[in-house]
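Colleague: In my numbering, the protein residues as written are 78 to 180.
(1) In chain order, what residues of the same chain lie with their CB nearer than 8 angstroms to the CB of residue 184, ignoring the 5 residues before and after it?
(2) Residues in the same chain with beta-carbon distance under 6 angstroms from residue 113, minus the five sequence neighbours each way, listed in chain order, please.
(3) Output the residue ranges of the beta strand (DSSP E) runs that lie fully inside the stretch 102–142 and measure 3 residues or longer, sorted by chain position.
(4) Return helix, strand or coil for residue 81, following the three-state DSSP convention.
(5) Which class does residue 97 belong to by DSSP, given the choice of helix, strand or coil?
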């Protein structure tokens, strides 16, 4: 476990057996928040659970590029990559009701 402090806030990190962050615990003005991260068998981020209780699932292509983020409980789409180039770099993603294009 490691930690950091500053002003009215502190954060500690809990690591799993492969040295990846399993949880980030933050205290701000006495209020505690925890974000936990789960990994799949290939070491990619699989799920993230936020202080609100929302758990999101990251989904990947066969080439290991993240293609979408869904609500782990309902499967509802939260974010999706619209397209990528031959190097796997995103070229179109939705953002605030518009599609952002990068060439």
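In this text, a Cβ means the ideal position worked out from N, Cα and C, and glycines have one as well. Predicted, not measured: the structure shown is a model, and the values here were computed from it.
Modeller: Straight from the coordinates:
(1) Here the chain has residues from 78 to 180 only, and residue 184 is not among them.
(2) For residue 113, where only same-chain residues beyond five positions count, the Cβ hits under 6 angstroms are 100 and 126.
(3) The stretch 102–142 contains these whole beta strand (DSSP E) runs: 108–116, 122–126 and 132–137.
(4) Here residue 81 carries a strand assignment [DSSP, helix/strand/coil].
(5) Assigned with DSSP and collapsed to three states, residue 97 falls in coil, not helix or strand.
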